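Enquirer: Residue numbers (this note's numbering): 20 to 178.
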């Protein structure tokens, strides 16, 4: 496995983001409509990662900085977005490795807490985040009032 920093609009990232949007349609009936500006995933205010196996892009994820408004976000938050692993590579550790790298890069950039929104139709994602120390927080963003949405956060600390 190799993890690379790429622009949000890099062809490999776009391919994987299109696949995750298809996954949302399959699981929820619609793609994610949360506004996303590719510039938000550029250092130092964000990052986007693609994981490769034998040169083939198989997983992705990114974070973007938020510094308020409270109570939705706190100063120093990093919102995780577009975490995804292609179906043929699930269970091989890509998601956990990407999550750890996203947390490390966010902390190195001065972020103090990782936050995210996922959904009840993604039990494997919920299990990954909970087993990695994420706990429930109040909802935020486009889906804050949706009963299928799950909001989680983790304080970032040096390990």
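Even glycine gets a Cβ: it sits at the ideal position worked out from N, Cα and C. Remember, predicted model here, so these are calculated numbers, not experimental data.
Does the segment 154 to 166 come into contact with the segment 113 to 121, if we say contact requires no fewer than three beta-carbon pairs (one atom in each stretch) closer than 8 Å?
Expert: Touching, no.
Enquirer: I'd like to check one pair, residue 87 with residue 67: are the Cβ atoms closer than 8 Å?
Expert: By one-based count along the chain shown, residue 67 stands at place 48. By one-based count along the chain shown, residue 87 stands at place 68. Cβ atoms of residue 67 and residue 87: not closer than 8 Å.
Enquirer: Can you tell which of 106, 72 and 118 has the C-alpha that lies nearest to the C-alpha of residue 38?
Expert: Looking up residue 38 in the chain shown gives position 19. When only C-alpha atoms are compared, the closest one is 106.
Enquirer: Tell me which residue opens and which closes the alpha helix (DSSP H) that residue 34 is part of.
Expert: Sequence index remark: in the chain shown, residue 34 carries index 15 (1-based). Where residue 34 is concerned, the enclosing alpha helix (DSSP H) stretches over 30 to 47.
Enquirer: If you count every other CB in all the chains shown that lies within 10 Å of the CB of residue 100, and 16 or more means buried, which is it?
Expert: If you number the chain shown from 1, residue 100 lands on position 81. Counting Cβ neighbours within 10 Å, residue 100 comes out buried, since at least 16 surround it.
Enquirer: Which runs of the beta strand (DSSP E) at least 3 residues long sit entirely within the segment 43 to 97? Give them in chain order.
Expert: Runs found: 65 to 72 and 75 to 85.
Enquirer: Taking buried to mean at least 16 other C-beta atoms within 10 Å of its own C-beta, is residue 46 buried or exposed?
Expert: Stepping through the chain shown from its first residue, residue 46 is reached at position 27. Residue 46 should be labelled exposed.
Enquirer: Between 148, 74 and 178, which lies nearest to residue 138 when the distance is taken from Cα to Cα?
Expert: Residue numbering aside, residue 138 sits at position 119 when the chain shown is read from its first letter. With distances taken between Cα atoms, residue 138 lies closest to 148.
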